[in-house]
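Residue numbers (the numbering used here), protein chains in the order written: chain A, 45 to 182; chain B, -13 to 101.
Note that CB positions come from ideal geometry on N, CA and C, so glycine has one too.
Values in this document were obtained by computation on a predicted structure and should not be read as measured data.
Each remark here refers to the structure printed beneath this line.
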């Protein structure tokens, strides 16, 4: 590979990845074919300007990258998916209920004078933050 | 009969040359460059960067599509879509009208000078 071909290959790296993935190989093969007719400098200048234009286009409106792991959501709900979601919701609900009834053994002091205390009927608990909530000592 | 115009702006010179090249036959990238040079008698030279800039834009607009190669050694071909043919036809009609009007105006100017 000649020096100008190597330089051309490096310049191709300036393109946004989606563009490079789609057209990079073709552009690289075309360099050798066009060099005789158009000259290396002209081709390099052309590619530099083109890369700048594509980067501007990409910054203004980025194209979605190819995502081979993306799976299309089918138009009708899958029964297995519905059952799995239902079981997940039930598990989350049971977990929340179990944590609400459990007793917290330890408590520790805090800079604000609030302490996380065991379930104690004399202390008002703020249940907004779930079990083991921060509570103000009375 | 004029094709229905779906162009908001005239085509750029490079886009026009590329669409005109693809109007003859399906071509790969280097084939487009060679055809553009031939149809302009060597006056217009498109580099790979400009070519693929324009091809990307034309493909996004749905005027050109690519034909995936069936084997590894084959090059990817590009072809005009039906919409691309319609757009090219509109642009050719516009240029044709412009040329006829301009020729008429120039003949009128020459006639006035002769008087």
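8 Å Cβ shell around residue i - same chain, five flanking residues per side excluded
i              : result
residue 95(A)  : 55, 56, 58 and 59
residue 14(B)  : 61, 62, 63 and 64
residue 174(B) : There is no way to answer for residue 174(B), as the model of chain B reaches only from -13 to 101.
residue 1(B)   : 40, 43 and 44
Residue i versus residue j: straight-line alpha-carbon distance, rounded
i              : j              : result
residue 72(B)  : residue 79(B)  : 11 Å
residue 40(B)  : residue 82(B)  : 23 Å
residue 31(B)  : residue 37(B)  : 10 Å
residue 55(B)  : residue 97(B)  : 58 Å
residue 69(A)  : residue 52(A)  : 12 Å
residue 104(A) : residue 45(B)  : 18 Å
residue 93(A)  : residue 35(B)  : 8 Å
residue 47(A)  : residue 76(B)  : 45 Å
residue 94(B)  : residue 85(B)  : 14 Å
residue -1(B)  : residue 127(A) : 59 Å
residue 138(A) : residue 129(A) : 14 Å
residue -4(B)  : residue 8(B)   : 18 Å
residue 43(B)  : residue 134(A) : 50 Å
residue 97(A)  : residue 87(A)  : 15 Å
Residues that residue i bridges to, as DSSP identifies them
i              : result
residue 121(B) : The structure shown does not extend to residue 121(B), since chain B is modelled only from -13 through 101, so no value can be given for it.
residue 13(B)  : 64(B)
Local conformation of residue i per DSSP, three classes
i              : result
residue 79(A)  : helix
residue 159(A) : Residue placement at residue 159(A) cannot be trusted, given a pLDDT of 45 that sits under 50; what the coordinates show is reported in the next sentence. Three-state DSSP puts residue 159(A) in a strand.
residue 83(B)  : helix
residue 60(A)  : coil
residue 28(B)  : coil
residue 88(A)  : helix
residue 40(B)  : helix
residue 34(B)  : helix
residue 21(B)  : helix
residue 46(A)  : coil
Cut-off 7 Å between Cβ atoms - residues of its own chain near residue i, not counting five sequence neighbours on either side
i              : result
residue 132(A) : none
Contact between the region 11 to 20 of chain B and the region 47 to 60 of chain A (3+ Cβ pairs under 8 Å): no
Three CB pairs or more closer than 8 Å across the region 65 to 73 of chain B and the region 81 to 89 of chain B: no
Could you tell me whether the region 51 to 60 of chain B touches the region 79 to 99 of chain A, where touching means 3 or more Cβ pairs closer than 8 Å? no
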